[in-house]
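Q:
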Amino acid sequence: MNFFKPKPKTPHELARNLKEYIQKLDGPDKRRATEEISKILVAIKTMLYGDSENDPVPEIVAQLAQEVYSNNLLQLLVDNIAKFEFEAKKDVAQIFNNLLRRHIGSRSPTVEYLCTRDYILFTLIHGYENQEIALNCGMILRECLRHEVLTKIILNSQQVYKFFDYVEMNTFDIASDAFATFKEILTRHKAPVAEFLERNYDVFFEKYTLLLQSTNYVTKRQSLKLLGEILLDRANFTIMTRYIASADNLKLMMNLLKDRSRNIQFEAFHVFKVFVANPNKNKPVLDILSKNQDRLIAFLSSFHNDRSDDEQFNDEKAFLLKQIQDLR
Amino acid sequence: MRRPSSVHSGSGYIPTSPVGSVAPAALGQHDDQLFSNNPEDYDIRLPIGYGSSAVVYNAYYKPLNKRVAIKVIDLDMFERNQIDELRRETQVMSLCKHPNVLRVNGAFVADSKLYIVTPYLSAGSCLDIMKTAYPDGFDEVSIATILKQALQGLDYLHKNGHIHRQVRAGNLLMDDDGSVLLADFGVSSSLMENGDRRGMRKTFVGTPCWMAPEVMEQAGYDYKADIWSFGITAIELATGHAPFAKYPPIKVLMLTLSNDPPTLDRDSTKHRYSRLLKEMIDSCLQKDPARRPSAEKLLNHSFFKQAKKKSYLVTALLQNLPPLEQRPPKSMKEKTTFIPKPKL
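Here the protein sequences line up with chains A and B, keeping their order. The opening residue of the first sequence carries number 1 in full-length UniProt numbering; numbering runs sequentially from there. The opening residue of the second sequence carries number 1 in full-length UniProt numbering; numbering runs sequentially from there.
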């Protein structure tokens with residue numbers, strides 16, 4: 001028996017202490033507060049995940065979750081995460097994500113909690129503006145996005161447009177993390193995304209076109225690939241039809257086919273093919289294709305011929321060539 | 001910033017050590033501040049290492065006049081899904097802060113190149129130190145002192161849910177104060193993120209000499225794979241090379257899968273090694289990953305009791321060693337192989 005080991009704190013005590021120290025973060029003894037917060041977060045994390053010797057105890061976890069909701073701890077944690085120590089920031093993400101995955105039967109209490117507090121989601125999104133917390137917030141956000149209701153909240157807010165700025169930041173890991181989150185928003189839950197894109201088609205694609213023309217190589221390449229995925233998703237049929245009816249969009253893709261980067265050319269091909277394969281091309285699109293018929297045939301005939309082992313690509317290219325040859 | 005291509009033409013000699021086996025240091029592990037993302041702020045000098053799609057340069061961060069190492073990766077060499085892979089890797093580095101894990105001071109993109117800025121560790125990798133001055137391996141106390149530090153870094157990574165996947169002497173970098181840091185998360189993967197890992201991705205998973213049997217079998221693996229590589233690294237530091245280093249990759253795969261695990265032959269080494277070292281190695285090199293100790297457990301092994309303070313390494317190994325950039329170029333060729341990434 002170890003007489004010097006203090007008795008472990010109860011969920012109630014941990015929650016109360018955490019709240020107290022968070023309130024002291026702007027006070028005179030800020031250093032002590034951050035250190036204590038780190039310790040409490042480790043204790044909470046251990047309670048939720050267990051450690052090498054002990055598994056988590058379901059009753060204690062339930063009590064802890066209850067304390068977290070009733071003390072509004074999730075909001076407090078997210079609001080103050082920037083002031084926490086390095087490891088404590090990661091612990092916040094782990095605690096948050098564990099609670100998000102928690103369910104009682106078919107209910108997800110944390111998701112229900114967040115549904116009535118959308119500002120927590122928005123604070124997380126704004127986290128991308130501070131490089132000290134961006135990745136931590138990103139991890140939590142992507143866990144939130146597994147739930148359709150939370151994705152809908154984000155899609156229905158103006159906040160979703162923030163991502164157009166975040167993915168363009170020049171810090172690689174943050175910009176690419178923001179892109180991963182953006183992609184999750186736009187691909188995971190088909191129905192709400194299709195509805196969002198239909199309703200906001202003009203605003204969304206006006207901004208999206210800027211990503212496709214970005215001077216940042218990663219933004220350009222990733223957004224082109226994502227565009228292909230969005231357009232080819234069956235749930236987005238209406239959006240695709242509208243996108244490929246635009247002569248401007250076609251011109252943009254034809255320019256990207258000639259990009260300096262082979263990978264960008266390749267991604268552009270996968271969007272360009274949709275324009276050509278469309279059986280109901282409208283006049284402006286047909287005009288461009290016919291006007292460039294000979295040049296397109298010459299271009300495609302020598303386009304990425306070294307990809308001989310990519311059967312699908314070669315079939316698609318042959319199909320496109322035939323379509324263009326048969327024009328008029 | 002000078003363009004990397006212009007650096008090439010001006011360089012007198014080009015060391016041929018693989019990327020990651022060289023680098024970095026004088027800033028020390030305490031230096032974890034974020035540097036600017038403006039390429040103009042960096043003065044890029046000679047290359048100090050090469051890899052399949054990356055070059056590591058010696059450089060100066062002008063605003064602080066600090067020496068740094070910059071790894072330049074050509075993103076256009078990466079296939080469709082691999083940018084996501086790179087994102088995970090740089091994130092592992094950004095989210096890890098430990099005295100025995102190499103920090104990233106910044107990562108940014110210019111044209112199609114990704115620049116990853118890290119401290120410059122002036123003593124170079126343990127592999128480079130060995131090849132330069134100790135071709136038959138280090139003394140036992142140095143090995144214990146190096147490996148204990150590496151194991152502390154590994155323990156931190158594992159507790160944070162990361163597998164390193166590239167543990168070997170070439171990725172243990174030494175600073176001029178004797179600190180040892182785990183570097184090159186070239187292909188380290190995260191256990192935390194369970195994204196979509198399907199698809200026929202071919203990922204570089206390193207030379208097979210250090211690879212655990214379960215990784216070769218692509219049966220799915222966990223952090224215990226690093227413990228195997230750690231055992232191989234211990235043999236490497238005691239003999240100057242990994243057990244099957246002289247064989248071609250495919251033969252290494254066959255030998256590792258069909259033979260008994262490699263071990264330390266105490267009668268054939270230049271230095272005398274205790275039974276404890278052999279025991280420690282054997283505990284790591286068990287084919288059943290479940291039987292290998294965790295990093296935390298292994299730290300309690302009696303072998304590590306003889307580890308000295310890091311300054312010991314300065315006296316024992318670094319004192320008479322020329323600085324990294326003055327060492328003769330190594331002609332060793334890395335044996336590398338590509339195998340499809342296992343489904344996790």
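Yeah, the Cβ is synthetic: ideal placement off N, Cα and C, and Gly gets one too.
In chain order, what residues of the same chain have a beta carbon less than 6 angstroms from the beta carbon of K45 of chain A, not counting five sequence neighbours either side?
A: Within the same chain, K45 of chain A has close Cβ partners D91, Q94, I95.
Q: DSSP state of G49 of chain B, grouped into three classes?
A: strand
Q: Closest to R199 of chain A by CA distance: which of A:L77, A:F163, A:T238, A:L210 is it?
A: Comparing C-alpha distances from R199 of chain A to each of A:L77, A:F163, A:T238, A:L210 shows the shortest one belongs to A:T238.
Q: Using a Cβ cut-off of 8 angstroms (strictly closer), state whether V314 of chain B contacts chain A.
A: no
Q: Run down chain A in chain order and give the residues with a C-beta less than 9 angstroms from the C-beta of V68 of chain B.
A: Ordered by position in chain A, no residue passes the 9 angstroms Cβ test against V68 of chain B, which lies about 16 angstroms from the chain.
Q: Determine the burial state of Y161 of chain A: buried for a count of at least 16 other Cβ atoms within 10 Å of its Cβ, exposed for fewer.
A: exposed
Q: Identify every run of the alpha helix (DSSP H) within the stretch 262-324 of chain B, keeping only runs that are complete inside it and at least 4 residues long; order them along the chain.
A: 275-284, 295-298
Q: Use the C-beta contact count for A318 of chain A: other C-beta atoms within 10 angstroms, 16 or more gives buried, fewer gives exposed.
A: exposed
Q: Going by DSSP, which residues form a beta bridge with residue 351 of chain B?
A: With chain B covering only 1 through 344, there is no way to say anything about residue 351 of chain B.
Q: For a contact defined as C-beta to C-beta under 8 angstroms, what are the partners of K225 of chain A on chain B?
A: R80
Q: Which word fits S258 of chain B, buried or exposed, when buried means at least 16 other C-beta atoms lie within 10 angstroms of its C-beta?
A: exposed
Q: Among A:A277, A:S52, A:R16, whose alpha-carbon lies nearest the alpha-carbon of L41 of chain A?
A: Measuring C-alpha to C-alpha distances from L41 of chain A to each of A:A277, A:S52, A:R16 identifies A:R16 as the nearest.
Q: Classify P192 of chain A as buried or exposed, calling it buried when 16 or more other Cβ atoms lie within 10 Å of its own Cβ.
A: buried
Q: To the nearest angstrom, how far is it from the Cα of D177 of chain A to the Cα of N263 of chain A?
A: 20 angstroms
Q: Counting only beta-carbon atoms, is V252 of chain B nearer than 8 angstroms to chain A?
A: With 8 angstroms as the cut-off, V252 of chain B does not count as an interface residue toward chain A.
Q: A54 of chain B: buried (16+ other C-beta within 10 angstroms of its C-beta) or exposed?
A: buried
Q: Does K150 of chain B pass the burial test, meaning 16 or more other C-beta atoms within 10 Å, or should it be called exposed?
A: With the sequence shown as reference, residue 150 of chain B is identified as Ala, and Lys is not the correct amino acid for it. With 16 or more Cβ atoms within 10 Å of its Cβ, A150 of chain B is classed as buried.
Q: Would L135 of chain A count as contacting chain B if we go by Cβ distances under 8 angstroms?
A: yes
Q: Pop quiz: L154 of chain B and F230 of chain B are said to be a contact at Cβ under 8 angstroms. What is the actual Cβ separation, rounded to whole angstroms?
A: 7 angstroms
Q: Once you ignore the five residues that flank T123 of chain A on each side, which residues in its own chain have a CB closer than 7 angstroms to its CB?
A: The answer, listed in chain order, is V78, D79.
Q: Which first and last residues belong to the alpha helix (DSSP H) in which G228 of chain A is found?
A: 217-231
Q: Would you call the stretch 129-146 of chain B in contact with the stretch 317-327 of chain B, where contact means no fewer than 3 C-beta pairs closer than 8 angstroms?
A: yes
Q: Considering only their Cβ atoms, is the gap separating C115 of chain A from V68 of chain A smaller than 8 angstroms?
A: no
Q: Need the endpoints of the alpha helix (DSSP H) that R295 of chain A sits in, please.
A: 293-301
Q: Could you check how far apart the C-beta atoms of T34 of chain A and F84 of chain A are, in whole angstroms? I think they sit under 8 angstroms.
A: 6 angstroms
Q: According to the Cβ coordinates, are S125 of chain B and N58 of chain B closer than 8 angstroms?
A: no
Q: Please list, in chain order, the residues of the stretch 168-195 of chain A that have any C-beta partner in chain B closer than 7 angstroms.
A: N170, T171, F172, D173, S176, D177, A180
Q: Going by beta carbon distance, what residues of the same chain come within less than 8 angstroms of V104 of chain B, once the five residues before and after it are set aside?
A: A distance below 8 angstroms between beta-carbons, with the five flanking residues on each side excluded, links V104 of chain B to the following residues of its chain, in chain order: T90, M93, S94, I116, V117, T118.
Q: By a C-beta neighbour count over all protein chains shown, 10 Å radius and 16 as the cutoff for buried, is K148 of chain B buried or exposed?
A: buried
Q: Assign D226 of chain B to one of three DSSP states: helix, strand, or coil.
A: helix
Q: Can you tell me which of the three DSSP states I116 of chain B falls into?
A: Three-state result, I116 of chain B: strand.
Q: Can you tell me whether DSSP reads V252 of chain B as helix, strand or coil?
A: Looking at V252 of chain B - three-state DSSP - the assignment turns out to be helix.
Q: Counting only the same chain and skipping the five closest in sequence on each side, list residues whose C-beta sits under 6 angstroms from that of R168 of chain B.
A: W210, T233
Q: On the three-state DSSP scale, how would you describe L34 of chain B?
A: coil
Q: Within the 8 angstroms Cβ cut-off, does R197 of chain B reach chain A?
A: Note that R197 of chain B scores 29 on pLDDT, short of 50, meaning its location in the model is unreliable; the coordinates nonetheless yield the value given after this. Cβ-Cβ to chain A under 8 angstroms: no for R197 of chain B.
Q: If contact means a Cβ-Cβ distance below 9 angstroms, which residues of the stretch 241-266 of chain A contact chain B?
A: Under the 9 angstroms Cβ criterion, the stretch 241-266 of chain A contributes R260, S261, R262, N263, I264, F266.
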